[in-house]
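Asks: With the working numbering applied, the sequence shown covers 2 to 130.
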Amino acid sequence: MDKDILYNTKLPEYNNGLLRDPSDKYDLSSLIKSLETDLPFEEGDLITQVLHKSPELNILLVKMHEGTEFISFQKNQSVTFRILQGRLRLHIRKGSLTLYAGESLILSEKTKYRIASMEPTALLLTLAS
(Lines of atoms letter the chains of each structure in order from A and count residues from 1; the text may use other names and numbers.)
(Lines give C-alpha, C1' and ligand atoms only; values in the text may rest on other atoms or scores of the structure.)
Protein backbone atom coordinates (compact mmCIF):
# COMPACT_ATOMS: atom_id res chain seq x y z
CA MET A 1 0.00 0.00 0.00
CA ASP A 2 1.22 3.49 -0.83
CA LYS A 3 2.73 5.30 2.17
CA ASP A 4 0.53 8.32 1.39
CA ILE A 5 -2.60 6.29 2.09
CA LEU A 6 -2.88 5.53 5.77
CA TYR A 7 -6.20 3.76 5.91
CA ASN A 8 -8.98 2.75 3.55
CA THR A 9 -12.06 1.02 4.86
CA LYS A 10 -15.79 0.52 4.66
CA LEU A 11 -17.28 2.45 7.57
CA PRO A 12 -19.39 0.56 10.13
CA GLU A 13 -23.12 1.14 9.82
CA TYR A 14 -23.32 2.36 13.40
CA ASN A 15 -21.05 3.98 15.95
CA ASN A 16 -20.65 1.71 18.98
CA GLY A 17 -19.50 4.60 21.17
CA LEU A 18 -15.82 3.72 21.09
CA LEU A 19 -15.00 6.32 18.45
CA ARG A 20 -16.04 9.91 19.09
CA ASP A 21 -16.75 11.64 15.78
CA PRO A 22 -17.83 15.33 15.96
CA SER A 23 -19.84 14.84 12.75
CA ASP A 24 -22.14 12.35 14.52
CA LYS A 25 -24.06 15.19 16.16
CA TYR A 26 -25.36 16.41 12.77
CA ASP A 27 -28.25 15.20 10.63
CA LEU A 28 -26.08 14.86 7.54
CA SER A 29 -28.95 13.91 5.19
CA SER A 30 -30.81 17.12 6.06
CA LEU A 31 -27.65 19.21 5.76
CA ILE A 32 -26.91 17.76 2.31
CA LYS A 33 -30.45 18.59 1.14
CA SER A 34 -30.19 22.13 2.52
CA LEU A 35 -26.87 22.66 0.71
CA GLU A 36 -28.58 21.75 -2.54
CA THR A 37 -31.64 23.93 -2.02
CA ASP A 38 -30.43 26.93 0.02
CA LEU A 39 -27.38 27.85 -2.06
CA PRO A 40 -26.92 28.39 -5.79
CA PHE A 41 -25.52 25.11 -7.08
CA GLU A 42 -24.56 25.21 -10.75
CA GLU A 43 -23.12 22.38 -12.83
CA GLY A 44 -19.43 21.93 -11.95
CA ASP A 45 -19.83 23.67 -8.59
CA LEU A 46 -18.57 22.49 -5.26
CA ILE A 47 -20.35 23.76 -2.16
CA THR A 48 -19.27 23.34 1.44
CA GLN A 49 -20.48 23.86 4.96
CA VAL A 50 -18.13 23.98 7.95
CA LEU A 51 -19.35 21.52 10.61
CA HIS A 52 -16.46 21.78 13.04
CA LYS A 53 -13.52 24.18 13.25
CA SER A 54 -10.69 24.08 15.76
CA PRO A 55 -6.89 24.41 15.62
CA GLU A 56 -6.53 20.60 15.52
CA LEU A 57 -9.57 19.51 13.51
CA ASN A 58 -11.71 20.92 10.69
CA ILE A 59 -14.69 19.04 9.27
CA LEU A 60 -16.38 20.17 6.07
CA LEU A 61 -19.51 18.82 4.44
CA VAL A 62 -18.91 18.94 0.67
CA LYS A 63 -21.43 18.49 -2.14
CA MET A 64 -20.20 18.11 -5.74
CA HIS A 65 -21.91 17.80 -9.13
CA GLU A 66 -20.82 14.99 -11.42
CA GLY A 67 -17.48 15.86 -13.02
CA THR A 68 -16.51 18.50 -10.46
CA GLU A 69 -12.78 18.48 -9.67
CA PHE A 70 -10.46 20.15 -7.22
CA ILE A 71 -6.80 19.93 -6.32
CA SER A 72 -5.46 19.54 -2.78
CA PHE A 73 -5.26 22.48 -0.46
CA GLN A 74 -3.97 20.83 2.71
CA LYS A 75 -0.72 21.89 4.30
CA ASN A 76 0.71 19.97 7.24
CA GLN A 77 -2.48 18.08 7.93
CA SER A 78 -3.77 14.64 7.19
CA VAL A 79 -6.98 14.61 5.19
CA THR A 80 -9.86 12.14 5.48
CA PHE A 81 -12.49 11.59 2.81
CA ARG A 82 -15.70 9.99 4.09
CA ILE A 83 -18.06 9.39 1.19
CA LEU A 84 -21.71 9.85 2.15
CA GLN A 85 -23.31 9.68 -1.31
CA GLY A 86 -22.01 9.00 -4.79
CA ARG A 87 -18.53 8.08 -6.05
CA LEU A 88 -15.28 10.00 -5.90
CA ARG A 89 -12.14 9.41 -7.96
CA LEU A 90 -8.95 10.22 -6.04
CA HIS A 91 -5.67 10.81 -7.86
CA ILE A 92 -2.34 10.82 -6.03
CA ARG A 93 1.16 10.75 -7.51
CA LYS A 94 1.37 6.95 -7.70
CA GLY A 95 -2.10 6.19 -9.01
CA SER A 96 -5.83 6.55 -8.66
CA LEU A 97 -8.66 4.84 -6.86
CA THR A 98 -12.42 5.15 -6.56
CA LEU A 99 -14.20 5.65 -3.25
CA TYR A 100 -17.86 4.67 -2.94
CA ALA A 101 -20.61 5.72 -0.53
CA GLY A 102 -19.79 4.33 2.92
CA GLU A 103 -16.04 4.22 2.34
CA SER A 104 -13.36 6.42 3.82
CA LEU A 105 -9.71 7.09 3.15
CA ILE A 106 -7.04 8.96 5.10
CA LEU A 107 -4.08 10.59 3.33
CA SER A 108 -0.96 11.52 5.24
CA GLU A 109 0.12 15.15 5.54
CA LYS A 110 1.69 16.92 2.57
CA THR A 111 0.20 14.44 0.10
CA LYS A 112 -0.74 16.11 -3.16
CA TYR A 113 -4.07 14.91 -4.48
CA ARG A 114 -6.83 15.70 -6.93
CA ILE A 115 -10.41 14.52 -6.60
CA ALA A 116 -13.19 14.29 -9.17
CA SER A 117 -16.81 13.35 -8.57
CA MET A 118 -18.00 10.57 -10.86
CA GLU A 119 -21.65 11.32 -10.09
CA PRO A 120 -23.37 13.74 -7.68
CA THR A 121 -21.35 13.20 -4.51
CA ALA A 122 -21.50 14.27 -0.86
CA LEU A 123 -18.61 13.73 1.51
CA LEU A 124 -17.10 14.77 4.79
CA LEU A 125 -13.64 16.25 4.36
CA THR A 126 -11.67 16.22 7.62
CA LEU A 127 -8.37 18.02 8.07
CA ALA A 128 -6.45 17.02 11.20
CA SER A 129 -3.16 18.30 12.61
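Backbone N, C-alpha and C define an ideal beta-carbon position, used for all residues, glycine too.
Relative to the C-alpha of Thr122, which residue among Leu100, Ala129, Leu106, Leu128 is closest?
Replies: Nearest C-alpha to Thr122: Leu100.
Asks: Using the three-state DSSP reduction, which class does Lys54 fall into: helix, strand or coil?
Replies: In this structure, Lys54 counts as strand in the three-state DSSP scheme.
Asks: Could you compute how far the alpha carbon of Lys34 sits from the alpha carbon of His53?
Replies: If you take the alpha carbons of Lys34 and His53, they lie about 19 Å apart.
Asks: Taking 9 Å as the threshold (C-beta atoms), are Leu91 and Leu62 in contact?
Replies: The answer is no: Cβ separation not under 9 Å.
Asks: Please classify Arg83: is it buried, with 16 or more other beta-carbons within 10 angstroms of its beta-carbon, or exposed?
Replies: Under this definition Arg83 is a buried residue.
Asks: Helix, strand or coil: how does DSSP classify Lys76 here?
Replies: Of the three classes helix, strand and coil, the one that applies to Lys76 here is coil, per DSSP.
Asks: Buried or exposed for Leu58, going by 16 or more other Cβ atoms inside 10 Å?
Replies: Counting Cβ neighbours within 10 Å, Leu58 comes out exposed, since fewer than 16 surround it.
Asks: Check for me: the beta strand (DSSP E) holding Ser109 runs from which residue to which?
Replies: Looking at the DSSP string, Ser109 is not in any beta strand (DSSP E), and its letter there is neither H nor E.
Asks: Can you give me the start and stop residues for the beta strand (DSSP E) that Arg90 sits inside?
Replies: It spans 88-93 - the beta strand (DSSP E) in which Arg90 sits, taken as one unbroken run.
Asks: Does DSSP classify Ser35 as helix, strand or coil?
Replies: Here Ser35 sits in helix by DSSP.
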